[in-house]
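Numbering (mature numbering (1 follows the signal peptide of the UniProt record, and there is no 0)), first residue to last: -26 to -1, 1 to 239.
Ideal Cβ placement from N, Cα and C applies to all residues, glycine included.
Fair warning: this is a prediction, and the values are worked out from it, not measured in the lab.
See below for the structure under consideration.
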Amino acid sequence: MRWPDSPLLLAAFSALAIGTATGAQAQETISRTEIRTAPPQQTHERLRDVVWGAIEVTDFRRDEPATRPLDVLAFDTRPYLTRVRNLCSYDRLAVSFVPLDEGAEGPDAQVVARQFLASSWWSFVEPPQFGQAWQSEEPQAADLCSDLPEDQHFYRAPDLGTAAQAYLAMIGLKQDIAAGRQFKLACESASAAEADCREEIADLPVESLQSVDPCNAHLADGCYHLDFGERHITVEYGAGMHGADPHVTSATLERFIILFHPRPD
């Protein structure tokens, strides 16, 4: 299970509200007028139904018996269609719990919700093309994001613009390498041959992209960090990235060793 890393509680509930718009099932609704006029407790209960109605049903059952108090659960909205052509998204709200009685141990300890963390996840149903309008000139199918396969690849991004632009930057980088175009390329090891770095980047599967984030460009128009797990790429691009011809100006490849120590549930 993936965990979010953006403490944006208000953004989370905004995203959940957006997610209700394209759900396959009928959902609870509410209006601004009702919120402004109904008694607080009634509004609270209505909003709880509206927000909770946007959440996917999750099976939290496990075959292995639990050994610790409940600490974190993640709730995902149903995927919804964005205004970018063929780009689907869902939002994740992770809730952290703490024992009601401090120091309580064991899986039967009663817990209360304490912290909320939100993140957004994105997936192109079809890869974007350079020079193609992001916003479709024709209405997109309303069910485009409602029947995705279980293994549909999603990656984390802080917002819609970053999700689309960083993905384009990744495709542009791969296309430039495939075409043999020259740009500044730095590897983690100074002794590593540039040809080996180019081959390593070219071989990275798109499906291994885990997250993208903006970064500060030095002498370029834009910059993005691409997280592929054990491989991180920082790519800078020129104005051509927004047109028909992608123009990567530099890229840096870093390698990481990830240590994972599972703990009992």
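- For the region 10 to 50, list the beta strand (DSSP E) runs that are entirely contained and at least 3 residues long, ordered along the chain. Listed in chain order, the complete beta strand (DSSP E) runs (minimum 3 residues) inside the region 10 to 50 are 46 to 50.
- Counting along the chain, where does the beta strand (DSSP E) carrying Glu228 start and finish? On the sequence shown, position 254 is the one that residue 228 refers to. 222 to 229 is the extent of the beta strand (DSSP E) around Glu228.
- Query: Helix, strand or coil for Gly212 per DSSP?
  - Reply: Position 238 of the sequence shown, counted from the first residue, corresponds to residue 212. Coil.
- Query: Which same chain residues, not among the five before or five after Glu228, have their C-beta less than 6 Å away from its C-beta?
  - Reply: As a first step, residue 228 must be located in the sequence shown, where it is residue number 254. Shown here for Glu228: same chain residues with a beta carbon closer than 6 Å to its own, the five before and five after excluded, namely Glu162, His206 in chain order.
- Message: By alpha-carbon positions, which one of Ala194, Glu174, Cys197, Ser93 ends up nearest to Glu204?
- Response: Sequence index remark: in the sequence shown, residue 204 carries index 230 (1-based). The option with the nearest alpha carbon to Glu204 is Glu174.
- Return the chain-ordered list of same chain residues with a C-beta closer than 6 Å to the C-beta of Asp150, the five sequence neighbours on each side being excluded. Looking up residue 150 in the sequence shown gives position 176. When the five nearest sequence neighbours on each side are left out, the beta carbons in the same chain lying within less than 6 Å of the beta carbon of Asp150 are those of Val222, in order along the chain.
- Task: Assign Trp26 to one of two classes, buried (16 or more other C-beta atoms within 10 Å of its C-beta) or exposed (fewer than that).
- Result: To locate residue 26, count along the sequence shown from 1; it is residue 52. The residue is exposed, with fewer than 16 neighbouring Cβ atoms inside 10 Å.
- Query: Touching or not, the region 141 to 158 and the region 63 to 77, by the rule of three or more beta carbon pairs under 8 Å?
  - Reply: The region 141 to 158, when compared against the region 63 to 77, does not touch it at the 8 Å Cβ threshold.
- Could you tell me which residues DSSP puts in a beta bridge with Ile207? Locating residue 207 in the sequence shown gives position 233, counting from the first residue. Looking at the DSSP assignment, Ile207 forms a beta bridge with Leu200, Leu227.
- Query: With burial defined as no fewer than 16 other Cβ atoms inside 10 Å of the residue's Cβ, what is the status of Glu76: buried or exposed?
  - Reply: Counting from one through the sequence shown, the residue named residue 76 turns up at place 102. By the neighbour-count rule (16 or more Cβ atoms within 10 Å), Glu76 is not buried but exposed.
- Message: On a Cα-Cα basis, can you pick out the residue from His127, Leu134, Val58, Ser120 that is closest to Pro102?
- Response: Position 128 of the sequence shown holds residue 102. For Pro102, the nearest C-alpha among the options comes from Val58.
- Query: Roughly how many angstroms separate the alpha carbons of Thr41 and Ile231, rounded to a whole number?
  - Reply: The residue you call residue 41 lines up with position 67 of the sequence shown. The residue you call residue 231 lines up with position 257 of the sequence shown. When rounded, the separation of the alpha-carbon atoms in Thr41 and Ile231 is 29 Å.
- Item | Helix, strand or coil at Leu183 according to DSSP, with G and I counted as helix | Stepping through the sequence shown from its first residue, residue 183 is reached at position 209. Here Leu183 sits in coil by DSSP.
- Taking DSSP as the reference, what is the three-state secondary structure of Cys189? Numbered from its first residue, the sequence shown carries residue 189 at position 215. Assignment of Cys189 by DSSP, reduced to helix, strand and coil, places it in the coil class.
- Sequence-distant residues of its chain with Cβ nearer than 8 Å to Leu122 (five each side left out): Residue mapping note: residue 122 aligns to position 148 of the sequence shown, counting from 1. Residues Pro53, Cys62, Ser97, Val99 of the same chain have their beta carbon placed closer than 8 Å to that of Leu122, with the five preceding and five following residues left out of the count.
- Task: Kindly indicate which three-state DSSP category Leu119 falls into: helix, strand or coil?
- Result: By one-based count along the sequence shown, residue 119 stands at place 145. The displayed chain sequence assigns Cys, not Leu, to residue 119. Secondary structure at Cys119: coil, using DSSP grouped into helix, strand and coil.
- Item | Residues near Asp187 by beta carbon distance below 6 Å, same chain, minus five either side | Working through the sequence shown from its first residue, we reach residue 187 at position 213. If the five residues before and after Asp187 are omitted, its C-beta is found closer than 6 Å to the C-beta atoms of His199, all from its own chain and listed in chain order.
- On the DSSP bridge assignment, give the partners of Cys161 in chain order. Taking the sequence shown and counting its residues from 1, one reaches residue 161 at position 187. Answer by DSSP bridge pairing, in chain order: Leu227.
- Task: Return the first residue and the last residue of the beta strand (DSSP E) that Gln89 is part of.
- Result: Position 115 of the sequence shown, counted from the first residue, corresponds to residue 89. 85 to 98 is the extent of the beta strand (DSSP E) around Gln89.
- Apply the 10 Å Cβ neighbour rule to Ala225 and answer buried if 16 or more other Cβ atoms are within range, or exposed otherwise. Taking the sequence shown and counting its residues from 1, the one referred to as residue 225 is at position 251. Looking at its Cβ environment, which holds 16 or more other Cβ atoms inside 10 Å, Ala225 is buried.
- Item | Residue span of the alpha helix (DSSP H) that contains Ser172, given as start and end | As a working note, residue 172 is residue 198 in the sequence shown. Per the sequence presented here, residue 172 reads as Arg, with Ser not at that position. 168 to 177 is the span of the alpha helix (DSSP H), which, as asked, contains Arg172.
- Message: Can you tell me whether Thr11 is buried or exposed? The criterion is at least 16 other CB atoms within 10 Å of its CB, across all chains shown.
- Response: Against the sequence shown, residue 11 aligns to sequence position 37. By the beta-carbon neighbour count (other beta carbons within 10 angstroms, threshold 16), Thr11 is exposed.
- Task: Using the Cα positions of Ile9 and Cys197, report the straight-line distance between them to the nearest angstrom.
- Result: As a working note, residue 9 is residue 35 in the sequence shown. As a working note, residue 197 is residue 223 in the sequence shown. The alpha-carbon of Ile9 is positioned some 42 Å away from that of Cys197.
- What did DSSP end up calling Ala137 once you bin it into helix, strand or coil? Here residue 137 refers to the residue found at position 163 when the sequence shown is read from its first residue. Helix.
- Message: Am I right that Leu55 and Leu142 are in contact with their C-beta atoms under 8 Å? What's the rounded C-beta distance?
- Response: Your numbering for residue 55 matches position 81 in the sequence shown. Your numbering for residue 142 matches position 168 in the sequence shown. So it is not a contact: roughly 19 Å between Cβ atoms.
- Message: Measuring alpha carbon to alpha carbon, tell me which residue in Leu134, Ala169, Asp177 is nearest Lys148.
- Response: In the sequence shown, the residue the question calls residue 148 occupies position 174. Ranking Leu134, Ala169, Asp177 by Cα distance to Lys148 puts Asp177 first.
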